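Comments concern the structure below.
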Amino acid sequence: MGNEELEAVKKQLAAMKKIELTGFTNTETATAYFQEKEKILEGIVKTLETVAVQETTEVEALKTTVKALREEIKGQAKSPKELSRRELLFNLGKGIAAAWAGNHKTLAELSFSPNLKADNWTNPRDVSWGEKGWKVEKTAGNGTFLGDPMGSMGAATGEQFLINPIYETEILTEASKKSVMMNLVRHRPMMGPSIFLPTRDRGGVQLHWLTAYGQQITGSKPKGAERVELKAYTLAGYIPWYDEFEEDVFIDLGAMFVDEFIEVYGQEFDRQCLLADDDPFTGAMAADGVTEVTISANSISGLTWKDFRDSVYKIPAEERKDCAWFLNETVLNHIANIEDSEGRPIWRRPTEAMPGKLDLYPYHEVSILPQVADIGANEIFAVFMNPKRIQHGNRRGIEIKKFDATTESMEYGELFLRFRKRDGFLVTRPEGNIVVLKTKA
């Protein structure tokens, strides 16, 4: 293992040395937060296991640090500090108001941190508050040295701030309730702008029978894993700022931000997973290599049960057992109204509850997928797949900034609160693993 890899490990450990204690609103969120920390440490341990003998002394010291961090995480995971939802919204609203007004001392007290203007966002653990204002704890890549006081840091950051990492975890937990895909896909914590993932398809190891003594073993090399790159890009959104949200209504301000953010982020998450076509990612329904099954008609009215059955058997059984249908609720309603030759519903009677499966396989209603009224000829409208085929890269950090550089601000004096987050999406090995249903051309 080279010096570059060791330096990368040191940076990751430095980012882990401070564990937030500002609280969680429920045990599930706390568990997810600490599990992510543990995954990062596991990755560091695997890297250290490949070290050369001459570097053993330095690596042993790093392993000791990893062990101490693991013990700290275990201790805190057993009894995380509780934070009520009301307290969360109050603190979040107070932080937003402080960012809007430039009250840096209040931001520091709430564990918000200034975000330096750089491609790599500031790690909240690298910035602290002292008597002279903000100071950077280590080299920030802009000529700033260890422990340098930065004062208000206004010029360096453009008044953009990263919210408390614990609040970020809580907000994303709320966002998962507005998204179909967020709780289904595979999530990868990202420490940098991209990571390379080994994606092994079925049948990676080949077996051969030897029927005679001394027979040559041929073709026994296993199929190697395909290395694919998962990139993260920045997503920005703008929330209108209303004058009535001042310091006496922090809870309302926090609730407004959470509600606005989770609604649009949840829908965009689903769009990038399913519908996006290189903008900037490619979703499952537009991925190269997916298997297309065309129904017999160029209108959705020609959809039959045979189309669904033909589709699922395009995927091998070992993959199919983890698959589910994803379609709009209006398409599901159309299926529920398909009748037999005697006018009786095939799927369910009027007095029966909605089944949990569609022809023996689970389904998920996704509102952003094409509705029956909008489905034309030669158009994809449903997908059958294992959602774990979609990799989501979560590069931590939600940034907020008072934003007035808009046309609306110039013409009408309307102001906005801008938020930014970083994510990546990647559909892995769609060939033979994902089927889409489409109408006839």
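For the sequence shown, the numbering used here gives the first residue as 71, with consecutive numbering after it.
The beta-carbon is built from N, C-alpha and C at its ideal position, and this holds for glycine as well.
Treat the numbers as computed from the prediction; the structure is a model and nothing was measured.
- The residue from Ala-387, Leu-428, Tyr-383 and Lys-248 with its alpha-carbon nearest to that of Asn-403 is Leu-428.
- The segment 443 to 452 makes no contact with the segment 150 to 167: fewer than 3 CB pairs, one atom from each, lie closer than 8 Å.
- Between Phe-396 and Leu-439, the C-beta gap is smaller than 8 Å, which places the two residues in contact.
- Only residues of its own chain outside the window of five on either side were considered, and among them His-174, Thr-176, Leu-177, Leu-180 and Phe-182 have a CB closer than 8 Å to the CB of Ala-168, listed in chain order.
- Around the beta carbon of Gln-286, fewer than 16 other beta carbons lie within 10 angstroms, which makes this residue exposed.
- As the crow flies, the alpha-carbon of Arg-419 is around 22 Å from that of Ile-370.
- Between Ser-249 and the set Ile-385, Lys-205, Val-334 and Gln-230, the nearest pair of CA atoms involves Val-334.
- Apart from the 5 residues on each side of it in sequence, Glu-399 sits with its Cβ closer than 8 Å to the Cβ of Glu-435 and Ser-437 in its chain, given in chain order.
- Taking a contact as a CB-CB distance under 8 Å, the pair Lys-458 and Asp-392 counts as one, their CB atoms being some 7 Å apart.
- Closest in alpha carbon position to Ile-408, among Ile-468, Leu-300, Gly-494 and Lys-376, is Lys-376.
- Out of Ala-346, Leu-280 and Leu-305, the CA that lies nearest to the CA of Phe-489 is found in Leu-305.
- In the displayed model, Gln-230 falls within a strand according to three-state DSSP.
- With at least 16 other beta carbons inside 10 angstroms of its own, His-462 counts as buried.
- Take Asp-380, set aside five residues on each side of it, and the residues of its chain with a beta-carbon closer than 7 Å to its own are Val-363, in chain order.
- Residue pairing of Glu-299 in beta bridges, as defined by DSSP: Phe-266.
- Here DSSP, grouped into helix, strand and coil, assigns Trp-311 to strand.
- If you ignore the 5 residues before and after Glu-299, its C-beta comes within less than 7 Å of the C-beta of Ser-264 and Phe-266, all in its own chain and listed in chain order.
- In the DSSP annotation of this structure, the continuous segment of the beta strand (DSSP E) that includes Ile-460 starts and ends at 460 to 473.
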